[in-house]
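Peer 1: Using UniProt numbering, read the sequence shown as starting at 1 and increasing by one per residue. Just so it is clear, CB atoms sit at the ideal spot from N, CA and C, and this is done for glycine as well.
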Amino acid sequence: MYDRDYAEFLKVQNATSGFRRKVFDSLTLTYRSYFEFEYAAKWEDLSLRAITEWDDLDEPGNGVSYSTTKIGYAAIISHLTSQIPSSKLHLNHRIANIDYSGEKTKITLVNDTVIENEFDYVIVTSAIGHLKKFARKMFTPQLPKRLLKAIDKIGMGTSAKVFLEYSDTTWMDSFLSPLPVAGCQGRKELGTIESEFNTFQKVPWAPNLFMGWIAGHGPEKVDKLSDEELSKILTQLFRDIYRNSSIPQPTAVFRQKWTTNDLFGGSYSYV
């Protein structure tokens, strides 16, 4: 539907080819990436029904946005774990199989170690992306077909952030929405990476960090790059945008490669 309407829009704007078409193509990337990030889904996988049901519980005009502060999600985890004796927490114990065939449930780790205790109940909170890859061999007996089918049908995508650390931030705006256009500033074509970054912003509690947002096909592409490769691409993008060849490369790059981490297989589920 979007492709059909966009094609009609281009006809009305007399922009079916040439430079005007390239400008509109770049603008539509920004529009599409907004929904890709909100739903952690690739544009072609998004459901129109899901978009019509979107509700972030914000009242019109309030502009309320909820986010973590400098203490991050670690504070939530610390609070929860503070209520549990440390002897009951087993970190870095990756589970290979949960055998619930008998009266008690047995757990086997990936190194073939069988947990000494047996359990009445086991609650599994693995990411959908992990279950998509391992659910068929993670349980004995295998999960019912209806559950496996549900796991297969639920989408698992990625909304990701890349944090760039700088010692010099004098060149940096609080917010930046790049719009690379093929044909501008010597670009014959858009780079496959730079076109995936549509938003950068300073982190309020750490103004020396510039945070980039990526979603859709972007995380898969970016996760294949080394920090040095990504740093060079984004530095060139900033230099072109600000027309400032002295902008330095970041001193550090912080990110989580969600698409290649098989404990997650993405960052969010979607329908």
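Please identify the residue among Asp173, Gly157, Ile154, Phe119 whose C-alpha is closest to the C-alpha of proline 204.
Peer 2: The shortest C-alpha separation from proline 204 is found at Asp173.
Peer 1: On the CB-based measure, 16 or more other CB atoms within 10 Å of its CB, does leucine 46 come out buried or exposed?
Peer 2: Buried is the call here.
Peer 1: Based on Cα-Cα distance, which residue from Trp171, Ser101, Ser245 lies nearest to glutamine 142?
Peer 2: Residue Ser101 is the option with its Cα nearest to glutamine 142.
Peer 1: Decide yes or no for the touch test of the segment 163-178 against the segment 248-256: beta carbon pairs closer than 8 Å, at least 3 of them.
Peer 2: Judged by Cβ distances under 8 Å, the segment 163-178 makes contact with the segment 248-256, as three or more pairs qualify.
Peer 1: Please report how far the alpha carbon of threonine 104 lies from the alpha carbon of isoleucine 98, in whole angstroms.
Peer 2: Per the sequence shown, the amino acid found at residue 104 is lysine instead of threonine. Answer to the nearest angstrom: the Cα atoms are 11 Å apart.
Peer 1: Taking the C-alpha atoms as reference points, what is the distance between glutamate 189 and serine 17?
Peer 2: Going from the Cα of glutamate 189 to the Cα of serine 17 covers about 14 Å.
Peer 1: Measure the CB-CB distance between methionine 156 and lysine 132 and report whether it falls below 9 Å.
Peer 2: In contact: methionine 156 and lysine 132 (Cβ atoms closer than 9 Å).
Peer 1: Where does arginine 32 land, buried or exposed, given buried means 16+ other C-beta within 10 angstroms?
Peer 2: Buried.
Peer 1: To the nearest whole angstrom, what separates the beta carbons of leucine 179 and threonine 30, a pair I think is in contact under 8 Å?
Peer 2: The Cβ separation is near 7 Å, so the contact holds.
Peer 1: On the premise that valine 222 lies in contact with leucine 209, defined as a C-beta separation below 8 Å, what is that separation, rounded to the nearest angstrom?
Peer 2: Incorrect: roughly 17 Å between the Cβ atoms, too far for contact.
Peer 1: Looking only at C-alpha atoms, which of Leu147, Arg21, Lys153, Gly186 sits nearest to phenylalanine 269?
Peer 2: As written in the sequence, residue 269 is serine, which differs from the phenylalanine given in the question. If we check each option's Cα against that of serine 269, Lys153 comes out closest.
Peer 1: Please list the segments of the alpha helix (DSSP H) lying wholly inside the segment 201-271, counting only runs of 4 or more residues, in order along the chain.
Peer 2: Taking only runs of at least 4 residues, the alpha helix (DSSP H) segments lying wholly in the segment 201-271 are 218-223, 227-242.
Peer 1: Comparing C-alpha positions only, which one of Glu116, Lys106, Val114, Asp240 sits nearest to isoleucine 123?
Peer 2: Checked all of Glu116, Lys106, Val114, Asp240; the closest Cα to isoleucine 123 is Lys106.
Peer 1: Taking the C-alpha atoms as reference points, what is the distance between glutamate 116 and glutamate 220?
Peer 2: Cα to Cα, glutamate 116 sits roughly 39 Å from glutamate 220.
Peer 1: Is the distance from the Cβ of phenylalanine 264 to the Cβ of histidine 130 below 9 Å?
Peer 2: Contact: yes.
Peer 1: Bridge partners for methionine 156 per DSSP, in chain order?
Peer 2: Answer is Ser269.
Peer 1: Please confirm whether valine 181 and serine 26 have their CB atoms less than 9 Å apart.
Peer 2: Contact flag set, yes.
Peer 1: For arginine 146 and alanine 127, what's the separation of their Cα atoms in angstroms?
Peer 2: Going by the C-alpha atoms only, they are around 18 Å apart.
Peer 1: If you scan the segment 131-186 from start to end, which runs of the alpha helix (DSSP H) of 4 or more residues do you find wholly inside it?
Peer 2: Taking only runs of at least 4 residues, the alpha helix (DSSP H) segments lying wholly in the segment 131-186 are 145-153.
Peer 1: Could you give the C-beta distance for alanine 96 and valine 110, rounded to a whole number, given that I count them as a contact under 8 Å?
Peer 2: Rounded, the Cβ-Cβ distance is 4 Å, consistent with contact.
Peer 1: Residue range of the beta strand (DSSP E) that threonine 108 falls in?
Peer 2: First-last of the beta strand (DSSP E) with threonine 108: 106-109.
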